[in-house]
Each structure stands twice: as structure tokens, then as C-alpha cells.
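In this note's numbering, the protein residues as written are 1 to 675. Glycine included, each C-beta is placed from N, C-alpha and C at the ideal position. Because the structure is a prediction, the values reported are computed rather than measured.
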Ligand code: BGC
């Protein structure tokens, strides 16, 4: 250790436990290096002015931030289903951090998308814990390989923004383990330098002072030995937080030091407890002093990375009559997003970019090299913005296709959406235009689910552009003209309407939020209750046509299996395909989802060729969390291994029988407890 804790006075040690300002750590009278933290998940957001802004200031971006690469948001990263892309994303953002002397990036967030209304869904990966964890882990690896730290956030059960600082998330233990803790457990394998606690209480105790979750679960069970940092302003009682093994309170608070000294003098906290946190902070400071900090991408290359990732995260949802790709004819391009796209959400994940958007019709014309023609409509269509479309209608009548680029209202920190519909006027536009020209393709720019049911039957094409950063329209143009075959798949179900969502009946605005839907979140809910959805989890079309065959399962140990299957690309497009492996416990003593995602693979399959894919499964693929045993438990019996191109479209299926020794099975009364 470079820094010796014994050289610090008690006062200096206490001072280290709280930030120096909004972003910097203290230096113990210059004895340790100063460390700088900055947001965030969609690219670097380093504030220029060092003032502690209000949430309203943050959301209106009143405080200027340094220019950086606006990368696709984590919701788009998840739609790539590619660990390689998540890593590249992290690595690209790390370059902006190195260039701007930032030591720790406050990302990624792996909270579950419990409801499509959550204002921060674009900052999170998925409704599925396995996918969220795997993508979070890859993102962390990408950042930390460059010698920059990360902050895995928000630990835990922070799944809405309304009342996020006070509303207690009331979650049963099995639900916590299987849904809300699991993404953290998986992502922690990448050893994030810091973990950020959430604002909310969990089962009545603030996350920042929740010893059970911070100490017993995160540190003892999951083996986390890094710094636990508070979300900004999440600490209510400094000494209780330190006792719960939260190391660093952010940002600076003028009460912190005095309250800690008082608690120490009153015997409420010991020097050992203080030292534990100080030691973690000293280790973090040392980690920041490394020689791995080498920029590997120029600014132009960072932009290219943003485009590359967006290309893999854009999802083709509807392609009636193969209306896409557009390779001939005349297409009118309209909608505000075509020229001024939404790159991401607001709040702490906002990124200021210097990149100037090129109008999408220009990129489309450049890429199609005269084969197809794209013309710009003067008419501005923005969601919730009223504008006559009379200009557009004659143009739409004269053209072969209409490409409509539509966004949503702002999404961001501190507030939730109240609806998942587009504005009534926008929905009406889509219907009106489709009466003039039936060849309408809608591109949706959103960070969370939209109810497309009121107009989907009127359009032939639907492309989910998502919140995909500064490269969104370049990436989209590539897909529209067929330069790239779409390969993104939904990491979040698109429900038919809000009333269908599992959270709907639990949407109280009281001081507590009951997680009564339990483990039945996202597709786990829609499948269990047989609810039709607009587009299922894992869904996404391609210009290629794939067939799946030849599923083989090899057993290596009691609960270790390797699956192999072939995917054939029957088309003339080289294309990537995401194949998904789900496991179903056929007969169970406890209530379990119909099936759960336990593995996936994204592979480039060349035109007219076949590739063999292999995916490994281990104990966790078959287990549920037994609260009686306080452990993961596998029941003997039949399990189905399902390989699909989405959660709905299962292509291959095989049954296996698990026969663990009787000593590893438990009485049914114990299991029934875990309903
Ligand atoms: C957010 C965190 C963010 C922090 C610092 C908080 O309001 O919840 O995600 O990292 O601010 O900006």
C-alpha cells in the first residue's frame, strides 16, 4: 500500500469519508491524491461549474458539461445483445474520461425495468436480470481495462423515480434474489471499483444504511471489497451509513464531519468502523494511480464506435411486404427526429456532444448511391407538438414510401412517464398519412416501451431507433438502405397497453411501493398470465432468413451442460443473429416462470452458410432461490432447454432430467414456502 492509514489523524480519516464538493474526494490535508468522479452511462458528463445543481437544473442542462461522445444509452446497448458492443461502449467512454482527467465513471446502472413508466429506463439494460448482469459486467470490463473506475448502481430496488428518495421498496426475499439482486451479483464479477447505493429504503431501511444489503449481502455473500458510495444526497445518518459499511458519502455536506465526530464521541461508531471505510477509500485512490490510462480511439473513432454500436442496437420490429430495405423508388423523409434526433435522456445521464447531426435524407442518398431517392419534407412532426401536415400529404401521395421519424416526450431522472402512448395528435398523423400512402415506415426514438397498438396496423414498417446516441441516424440510414442487416433484439417487452403491465396494479404513490408481482416481471409476467403483447422480449427481425437445427446437449458434471446448435443463414445478406437459450422447470413444487433466459449468443453468419453455436449452462440455470434454505436450490426432474430467436419464437427444444442425490433434495413443505 502506498498510503498508510496509520499516518492519518482521526480527523483526516473522517474527512475522507465525505466528498470535497460535488465530484471530488478529499485529500486529507494533501496526504492523498485527489480523485474525480463523473457521470455517466451514456457518455461522459463532466460538469464545468462546480456547483451543486438542483434536479431541475440538471434536467434543463443549465450547468454546462464538457463536450463528449454521446454514446447509445444502456437501453440500446442491451438491445445489441452483444457483450463485445457493451465492452466497446465502456472502452470508448473511458477515453473521454482519460482525456478529461476523470478517475471514476458513475455507471453502469443495472436496475430492472419493472415498469415502462420509469423515467430512467433508458439508463438501464433490461427487464431480465441475466441479460442486465451480463451486459453490465461487459461494460465495466470495457471501462476498467482502461484504468478508469466504474460505479455499479443503484443498489438496490430503485425501479421508479417518483418519490425515489423516500418510497420504500417492499420486496420479498426470493424476488430480490432472483430479479433485483441478480444483475448486481453477475456484474460484480467484473470487480467495479465502486458500487453506488440507491436513494430508496428497502423494506423500510434506507439503502445507504441498510447493513443487511450492504454488509451481509454485498460484501459478505457477494464478496465485494471495493468502495460503496452513496447516491448523491442519499445519506441521512452518516454514522449509520458507515456502520452499514458505506464508505463514501457524496456529495460534500457541511453537516457530515460534525455529525461523525459527535457520533464518535458518543460511542456510536468506533475507530475500527471508520478505518474499514478509510482503507477502502485509500485502496480506491491507489487504483486511480495506474499506468493503464491510454487513449486508444481518436475523436472520430469514438464517433465511429457510437455508430457501430447503434447499428447493432437498432431493432426492426415490422417489415410487411419486405418494405425494408429501401433500394429503389422515391421516399419522403419527415419528422423532427430525422434532422434533430433525440440522442438520450436528461438528468445525470445527459451528454453534451459537439457532433453536428447530418440530416438523415443526405446520409440515405449518399449511401444508396442514386439507386433510391430520399426527399426531405418541410413539415415538422414532433411528438406532442401540433403542426399541420398539409405540406406533407401531397408529397406522401407522390412518393413510393414515407419514412416517419418520431420521438417521445423527454425521459429522465426524477420523474416517471404517465403514459406509454404517443401523443393523440401524433397517432392521428400516422393514421392520416397512411391513408394517403400505405407504405409508411415509422422509426421510433425512445428510451422505453411505447404502446404501438393504436396505429401499428396502418404502417408497413416499424424500426426501434431507441435512444442511440450521436450515431443514431447514421446507423439507422445504413439499416434503411440495407447496408447493414438489423440485428438488435428487444431487451424489454413492448406491451399492448399500460394496463397490461405487471406493475399496473402496484402503481401506488404511497410511502411504500409493494412489489406484489414478485418474480413475475416483464416476459415472466406476460407468459405466466398468458397476456398478449405487441412485441415480445428478445424479438427483432433481420433481412436474412435463419433456420435453427441440430440441438445437442452434452453433460459435463451434475449440473454443467454445453449446448450446441446450428444456425443457417439462407439469404444473400451477411447478418448477425441473436439466439437465446431459455430454461423451463417442467414440474416444480414452487411457482416458477414459464421459462427464463439463461444464455445467449450473437453471431455473424455469412450469407448461405451455417455456424455452430455453443452455450454453457450451470447450476444457476436450473435453480430458484429457496428462502427456507437461504440458498439456490435445484429440484430433481425434467427441465426443457429451449433455443429461440425470441422468447416467443422457440426453434429448438430438448428435455433433460436432473437427478441429484437424494441428500440434495428437500422436503416439499420447505419448498412450498417459496410461492
Ligand atoms: C443519480 C446518480 C448520479 C448522481 C451524480 C444522482 O442523482 O441518481 O445516478 O450518478 O446523481 O450525478
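- One residue list follows from the rule of a beta carbon closer than 5 Å to any heavy atom of ligand 1, given in chain order as 39, 106, 231, 232, 348.
- For residue 265, the number of other beta carbons within 10 angstroms of its own is below 16, and it is reported as exposed.
- Here residue 629 is exposed, its C-beta having fewer than 16 other C-beta atoms within 10 Å.
- Below 8 Å, too few C-beta pairs join the segment 200-217 and the segment 128-147 to call them touching: fewer than three.
- Beta-bridge partners of residue 45 (DSSP): 39.
- Residues of the same chain with a CB within less than 6 Å of the CB of residue 564, apart from the 5 flanking positions on each side, are 552, 612, 614 in chain order.
- In this structure, DSSP gives residue 573 a state outside helix and strand, which the three-state scheme calls coil.
- A distance below 8 Å separates the beta carbons of residue 526 and residue 493.
- Counting only residues of its own chain and dropping the five nearest sequence neighbours on each side, residue 407 has a CB closer than 6 Å to the CB of 337, 342, 383, 445.
- When rounded, the separation of the alpha-carbon atoms in residue 423 and residue 467 is 18 Å.
- Collapsing the DSSP output to three states places residue 650 in a strand.
- 107 is the residue among 274, 236, 111, 107 whose C-alpha sits nearest the C-alpha of residue 192.
- Per DSSP, reduced to three states, the secondary structure at residue 545 is coil, with no helix or strand assignment.
- If the five residues before and after residue 632 are omitted, its C-beta is found closer than 6 Å to the C-beta atoms of 623, 625, all from its own chain and listed in chain order.
- In the DSSP assignment, the residues bridged to residue 149 are 104.
- Under DSSP, residue 638 forms a beta bridge with 657.
- Under the three-state reduction of DSSP output, residue 552 falls in the strand class.
- By the criterion of a C-beta distance shorter than 6 Å, residue 169 is surrounded in its chain by 157, 200, 202, 513, once the five residues flanking it on both sides are discounted.
- Rounded to the nearest angstrom, the gap between the Cα atoms of residue 600 and residue 249 is 38 Å.
- The straight-line gap separating the alpha-carbon atoms of residue 44 and residue 139 is approximately 14 Å.
- Excluding sequence positions up to five before and after residue 209, its CB lies within less than 8 Å of the CB of 235, 236, 237, 240, 241, 243, 244, 246, all in the same chain and listed in chain order.
- Between residue 602 and residue 582, the CB-CB gap reaches or exceeds 8 Å.
- Counting only runs of at least 3 residues, the segment 170-199 fully encloses the following beta strand (DSSP E) elements, listed from N- to C-terminal order: 194-197.
- Going by beta carbons, residue 348 and residue 39 fall inside the 8 Å limit.
- Assignment of residue 168 by DSSP, reduced to helix, strand and coil, places it in the strand class.
- For residue 97, no beta strand (DSSP E) run applies; the uninterrupted alpha helix (DSSP H) run containing it begins and ends at 83-99, by DSSP.
- The C-alpha of residue 102 lies about 8 Å from the C-alpha of residue 35.
- Take residue 81, set aside five residues on each side of it, and the residues of its chain with a beta-carbon closer than 7 Å to its own are 489, 578, 600, 602, in chain order.
- When Cβ pairs closer than 8 Å are counted between the two stretches, the segment 399-417 is seen to touch the segment 429-443, the count reaching three or more.
- Around the CB of residue 277, 16 or more other CB atoms lie within 10 Å, so the residue is classed as buried.
- By the CB criterion at 8 Å, residue 41 and residue 74 fall inside the cutoff.
- Beta-carbon to beta-carbon, residue 379 and residue 392 are separated by about 4 Å, close enough to satisfy the 8 Å threshold.
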